[in-house]
Amino acid sequence: MSQYSASEIEAKWQAAWETAGIFRAKRSADKPKYYVLEMFPYPSGRIHIGHVRNYTMGDVVARYKLAKGFNVLHPMGWDAFGMPAENAAMASGGHPKDWTYQNIADMKAQMKPMGWSLDWSRELATCDPEYYGQQQALFLDMLDAGLVYRKNAVVNWDPVDMTVLANEQVIDGKGWRSGADVERRELTQWFFKITDFSEELLTAIDTLDDWPSKVKLMQANWIGKSRGLQFSFDMVEPAEGFDKVEVYTTRPDTLMGASFVGISADHPLAKALAAKSPEVAEFRALCAKGGTTEEALEKAEKLGFDTGLRVRHPLNPDWELPVWIANFILMDYGTGAIFACPAHDQRDLDFCRKYDLPVVDTFFATEDDTPVANTAFVPPKTDKVRWVNHFAGLDVATGDEAINATIDFAESAGWGKGVTKFRLRDWGLSRQRYWGCPIPVVHCDECGVVPEAKKNLPVQLPDDVSFDVPGNPLDRHPTWRDCACPSCGKPAKRETDTMDTFVDSSWYFARFTAPRATTPTVAEDAEYWMNVDQYIGGIEHAILHLLYSRFFARAMQITGHLPKKAIEPFNALFTQGMVTHAIYQTHDADGRAVYHFPEEVEDGVLKATGETVEVIPSAKMSKSKRNVVDPVSIIASYGADTARWFVLSDSPPERDVEWTASGAEATSRHIARVYRIVADIAAMENATGTGDDDLLRATHKTIDEVSKGLESFGFNAAIAKLYGFTNTLHKSSAGGDAKRFAAAALVQMMAPFTPHVSEELWSLLGKDGLVSIAAWPEADPAMLVDDTVTLPIQVNGKRRGEIVVPKDMPKEEVEKAVLADQAVIRALDGAAPKKIIVVPGRIVNLVI
RNA sequence: GCCGGUGUGGCGGAAUGGUAGACGCAGCGGAUUCAAAAUCCGCCGAUGGCAACAUCGUGAGAGUUCGAAUCUCUCCACCGGCACCA
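Each number in this note's numbering corresponds to the 1-based position in the first sequence with 14 added.
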């Protein structure tokens, strides 16, 4: 072949890899293992450029480690349960199962041409009974170990469709289909006891050395450990069987600024009052309006209801405070009751101003005693402040000191107790939906809630379901619900809730070590392949998915499914930025947003109808918003090597990248240029030339820099070095021997990025075997050091010139050389420098 | 609202306390060609200057330092997460 043709070579080399079986992971003692995993995709049906970027990053790592002599495990699967399949069934009448498996087939067909070094023999889909049956076994073991329980929790309830809505389906407090005002309603649900591990999940963050610090910080904040004071306000007149209100506060030091006692609308006292008082019941109903997200609760207008009940201040029995029901107090956190200190909490202040409640300052800044008006004074807890008549005798002290002093004071006086609490809540896993893993329990009138027997697993989803009415089809299935109680054998009903899809993705990394096993994992395989050495995925999973996986690793260790060393399953984490793209939307007759694919839009109008589209710039690519870019056309036009190189070349991998089509053409030209340069070199005579040594040095330097780039996810930097090295090689007048050495190194270094053309050029250079498994080139340290160094010279921090000096010239001689330099003499203009700063090997700065 | 992040030429970005703009794209000029494509060579932050060079310049403002894109504080804009999107 005389010129580069992607279409001819890519299929050829993919077949060669397949035949050689070089990506099939096998356990063996002779090599170290390396497990690289990218977060598995949801089978939307089309791969998008974000997938291409994510999986190419993982592939570069996997291929580099393969060349470095590791046994590499690089698997792929499908996060295949979830709402979009049901939505598709509702929209077009098909079945979620058919839709999902068709999407998997389509996406796999689009992924194969990318040439990723995946071990497809380990492919799994979470909707395969082979997978979810083992997940049910895992669930039963966790139930047995006391890690699962049932309790009430609130959901978004659509009162028109009579169905539970996902947060995503609540838009501005209304149901997405019915448009009805959404209510918060309690339901009995299954929970994982993740809070048993709050302390452990928090402290173990310190062991995650190769995780981004921002992710560790987000997880720590999410777990939210706090120390505070728990104590009671005695009621002046007991009511509804309550004689006190127990509160928890992280700022007990502000107790003298208490304005009222607030209880959550879901507090037992509020419920008890509502049973007697229509006004309270009405207020509770008002508080129940809207969605369940923390954001909705935080942003909602502050509402309060004065119960008329009074409580006594613990430090002064004559001081009575009113008890209010307030919508911003969460039943899930602390005791569901607080005391409000408006002077030092903005929410409390807003509330007190609205309902005309007193505002009492308890401390001031050391130099400023302006009373609080409409902005609460909330300095960092590490700042010293001046206290007003503090009951524990403080004058000037930090918030932290005051909190500790107050807790000690309350404990020794016997009216309060220092308590550590966590923000983290237990993980509710019940979903009132069809397309998920059935929860393998049975409800029996005689025996209560009974786990399904393991021999009856998997509890398979029935195929004969319809989606023509809202709600969970399992709930109204004529026969699937009916079963025999595993305990007493009498007729019973199956649980119709299925599992949160986060459960599916919380252990797939472990399943990949033995994907076909008839137990969740196999000890020898888990022992050999765990942990994941490098995990790669989107920053949007920084908290939930990763925290749930960390919990599952612990639960699986307790239930005997993972070894102790896998307690933290991901040794290193890399969070790639998202690929963003403009969203194109129009509105239907009812004013609801309709999204359009980029290829349907031209010059701001829909190609089909000429309708003007609204452009929302730079949003996260998402299948529901349809702002996805199709990589298939890039591969068809330029080939996989171009697509692979291009997605990694322009932007640092952790950063978001706005996708634009320009540049693929240029990448393709560059690959063709490398092809020509290397092909010419392959035809050169064996000989020496001028600059052999320079080229050799440049080669070793590039090997060093590119290897470092690959080790540290500096893919764009590594590619920039490869561009530079290609230019150096092209301009060099070195002889055939040196050039062939340099060309072979170039081809090898490009191989993780552009494996197909690299294989072609490797064989063109007359090398034996596959470049994919050729040993990675090593840089000779002796070739990396230069004898001289160029030092920039600054005068008062501004660059005025530069000198070239021997690498290890002593400071005094550098100073002499600098002062003798013409540019320096000109810049000094006769002035004598006050100070000369010489940073060896870096810079010289003269201060005048 | 709360938590986390990002901000540098026309564009993607490099430099993580030491020469701001590596490398790439776009653009401009030249060579080659009957012509074009491809290819090759060169220029390319702004302002002033024939030039040498000077001044300004990393979202805005302040600070620390011999020296700041980089560290600190305040503010602005955008992005991610907020427990039932995956």
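Backbone N, C-alpha and C define an ideal beta-carbon position, used for all residues, glycine too.
Indicate the three-state DSSP secondary structure (helix, strand or coil) for T396 in the structure shown.
Looking at T396 - three-state DSSP - the assignment turns out to be coil, as it is neither helix nor strand.
Entirely enclosed beta strand (DSSP E) segments - the region 273–333, minimum 3 residues:
Qualifying beta strand (DSSP E) stretches, in chain order: 274–278, 318–327.
Check: Buried or exposed: Q836, going by 16 or more other Cβ atoms within 10 Å of its Cβ?
Finding: That one is exposed.
Could you give the DSSP three-state label for Y737: helix, strand or coil? Residue state, collapsed to three classes: helix.
- Locate the alpha helix (DSSP H) running through P487, then write down its first and last residues. Segment: none, P487 is in no alpha helix (DSSP H) and carries neither H nor E.
For this session: Give the C-beta separation of Q244 and G430 to the nearest angstrom, bearing in mind that I take them to be a contact with Cβ-Cβ under 8 Å.
Result: Indeed they touch by this definition, with Cβ atoms about 7 Å apart.
| said: Does the contact criterion of 3 or more C-beta pairs under 8 Å hold for the region 557–576 versus the region 219–239? | reply: Under the 8 Å Cβ criterion, the region 557–576 counts as touching the region 219–239, having at least three qualifying pairs.
Roughly how many whole angstroms lie between the Cα atoms of E425 and G432? Using only the alpha carbons, I get a separation of about 7 Å.
- Just reading off the alpha helix (DSSP H) that W31 is part of, what are its end residues? Taken as a continuous stretch (DSSP letters only), the alpha helix (DSSP H) holding W31 covers 20–34.
- Candidates P824, G462, A119: which alpha carbon is nearest F509's? Note on identity: in this sequence residue 509 is Glu, with Phe being the wrong assignment. Nearest C-alpha to E509: G462.
- Identify which residue in W449, F584, Y115 has its Cα closest to the Cα of Q474. When each option's Cα is compared against that of Q474, the closest is W449.
(request) Please state whether DSSP places E144 in a helix, a strand or coil. (result) The answer is helix: DSSP assigns E144 an H, G or I state.
Figure out for me which residue from G59, W92, Y48 has the closest Cα to the Cα of D73. Selected option, being the one with the closest Cα: Y48.
Within the same chain, show all residues whose beta-carbon is closer than 6 Å to that of M15, passing over the 5 residues directly before and after it, in chain order.
Residue confidence for M15 is low, a pLDDT of 44 falling below 50, so the modelled location carries little weight and cannot support an answer.
In the DSSP assignment, the alpha helix (DSSP H) including E582 goes from what residue to what residue? Boundaries cannot be given for E582, as no alpha helix (DSSP H) includes it and DSSP labels it neither H nor E.
Rounded to whole angstroms, what is the Cα-Cα separation between V832 and V819? So the alpha carbons of these two residues sit roughly 10 Å apart.
Could you compute how far the alpha carbon of N170 sits from the alpha carbon of K258? The alpha-carbon separation between N170 and K258 amounts to approximately 32 Å.
message: Short of 6 Å in beta carbon distance, which residues of its chain neighbour M128, apart from the five on each side in sequence? Order them along the chain.
response: Closer than 6 Å at the Cβ level, and outside the excluded window around M128, lie A654.
Q. Expressed to the nearest angstrom, what Euclidean distance is found between the alpha-carbon atoms of G865 and L329?
A. No answer is possible for residue 865: the residues shown for the chain start at 15 and end at 862.
Inset, instruction - Could you work out which residue in A218, I277, W190 is closest to T349 when comparing CA atoms only? - result: The shortest C-alpha separation from T349 is found at I277.
ask   = By how many angstroms is the C-alpha of D155 removed from the C-alpha of M121?
value = Near 34 Å, if we compare the C-alpha coordinates of D155 and M121.
Closest to P252 by C-alpha separation, out of I185, W543, L216, R326, would be which residue? Considering only alpha carbons, the answer is R326.
* To do: Taking 8 Å as the threshold, find out whether the region 711–721 comes into contact with the region 793–806 through three or more Cβ pairs.
  => With the cut-off at 8 Å, the region 711–721 and the region 793–806 touch.
* To do: Taking D13 as part of the alpha helix (DSSP H), name the residues at either end of that continuous run.
  => Since the first and last residues shown for the chain are 15 and 862, residue 13 lies out of range.
Next on the checklist: Using 9 Å as the threshold, is the C-beta distance between F377 and R400 below it?
Outcome noted: Yes, they are a contact pair.
When the Cβ atoms of the region 456–470 are set against those of the region 502–516, are three or more pairs found closer than 8 Å?
At 8 Å Cβ cutoff, the stretches touch.
What separation, rounded to the nearest whole angstrom, lies between the Cα atoms of M570 and F211?
Here the alpha carbon of M570 sits roughly 13 Å from the alpha carbon of F211.
Along the chain, where does the alpha helix (DSSP H) that runs through P806 open and close? If you look at P806, you'll find it isn't in any alpha helix (DSSP H); it sits in the beta strand (DSSP E) that goes 802–809.
Residues near A845 in its chain [Cβ-Cβ closer than 6 Å; skip 5 each side] | Cβ-Cβ distances below 6 Å link A845 to I862 in the same chain, with the five nearest sequence neighbours on each side left out; the list follows chain order.
Worksheet item: In its own chain, which residues sit with a C-beta less than 6 Å from the C-beta of Y542, not counting the 5 before and 5 after it?
Response: If we look at Y542 and ignore the five residues flanking it on each side, its Cβ neighbours are R41.
Proximity below 9 Å, CB of A680 to CB of A657:
No; because the gap between Cβ atoms is not below 9 Å, this pair is not in contact.
Q) How about P226 and F588: are their beta carbons less than 9 Å apart? A) Cβ atoms of P226 and F588: closer than 9 Å.
> Just the Cα atoms here: how many angstroms apart are E296 and T209?
Replying inline: When rounded, the distance between both Cα atoms is 34 Å.
Check the C-beta distance from G96 over to L138 and give it rounded, since I have them as a contact under 8 Å.
With a Cβ gap of about 16 Å, G96 and L138 do not count as contacting.
**OP:** Confirm, please, whether the CB-CB distance from W190 to L179 is below 9 Å.
**Re:** Yes.
**Asked** So what's E251 in DSSP terms, helix, strand or just coil?
**Response** Correct three-state label for E251: strand.
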